[in-house]
Each structure stands twice: as C-alpha cells, then as structure tokens.
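Residue numbers (the working numbering): 841 to 953.
From the three backbone atoms N, C-alpha and C, an ideal C-beta is built for every residue, glycine too.
Remember, predicted model here, so these are calculated numbers, not experimental data.
Working notes for the structure below.
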C-alpha cells in the first residue's frame, strides 16, 4: 500500500508543478482541472497514508505524515486565494512546494529502508 501512496503523491507532484509553473509564469489564470486534480490526488495520498498509519501503528512515516499535513494546510490557503482569482503569493507557493517535496522524500526514505 505504501508504494501506491507514493505513486499517488508523485502524480500529485506533477500536477502541482504544472500549477506552480503557471503561477510563476504570471499566467492570467491557473489551469483549473489541474488545480482540482492536484488537490484530489493530494487528499487521496494523505488518506492512504493515514490508512497505512492505522494498519501499522508501530511503524509508519511520522515525519512525512506531519509534513504532508502542513503542506495540505498551505495548499488550502493557496487554493482559496486561487478561487478568489489571486493565485499565490509566490513565497507561499515555494514554501508549500518545499514542504511537500520534503514530505515526499521522507516517505521514499521510509519505504526504501
């Protein structure tokens, strides 16, 4: 199950990169289907990680889970700004991305150890 979770988060990361590039390139609007797909995939990955935690309470990627929750909170902020037609701010996009990538790397380390 952990490998499926990694795959879902990897797909979400690709979608997030597409959204971030549209914001950094100052496009007038973010691609909404990609924004929604990124959010849905991220939520699915987080749910899968929580289910993994429930199945393996003694051995689960705690740091990764915490970082993904923090990234999700930042993602909600960015999503609501985007819905108000004010994508960004750029600093928050970077912080969100760095935290999410860190969580993903920690998940990979956990799975490969």
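Per DSSP, what kind of secondary structure is residue i in: helix, strand or coil?
{"i": "residue 902", "result": "helix"}
{"i": "residue 953", "result": "coil"}
{"i": "residue 931", "result": "helix"}
At the level of alpha carbons, what is the spacing between residue i and residue j?
{"i": "residue 871", "j": "residue 934", "result": "18 Å"}
{"i": "residue 847", "j": "residue 926", "result": "30 Å"}
{"i": "residue 945", "j": "residue 873", "result": "26 Å"}
{"i": "residue 898", "j": "residue 918", "result": "34 Å"}
{"i": "residue 911", "j": "residue 940", "result": "5 Å"}
{"i": "residue 843", "j": "residue 880", "result": "18 Å"}
{"i": "residue 943", "j": "residue 923", "result": "26 Å"}
{"i": "residue 859", "j": "residue 875", "result": "6 Å"}
{"i": "residue 891", "j": "residue 861", "result": "32 Å"}
{"i": "residue 948", "j": "residue 921", "result": "30 Å"}
{"i": "residue 931", "j": "residue 938", "result": "11 Å"}
{"i": "residue 953", "j": "residue 885", "result": "20 Å"}
{"i": "residue 841", "j": "residue 928", "result": "33 Å"}
Hey, out of the options, whose CA is closest to residue i's CA?
{"i": "residue 852", "options": "887, 882, 891", "result": "882"}
{"i": "residue 878", "options": "949, 929, 952, 850", "result": "850"}
{"i": "residue 855", "options": "895, 915, 887", "result": "915"}
In terms of residue numbering, what span does the alpha helix (DSSP H) encompassing residue i cover?
{"i": "residue 924", "result": "Segment: none, residue 924 is in no alpha helix (DSSP H) and carries neither H nor E."}
{"i": "residue 879", "result": "872-895"}
{"i": "residue 855", "result": "842-864"}
Original post:
Within the chosen definition, does the stretch 857-866 reach the stretch 887-905 through at least 3 CB pairs nearer than 8 Å?
Top reply: Contact between the stretch 857-866 and the stretch 887-905 is absent, because fewer than three Cβ pairs lie under 8 Å.
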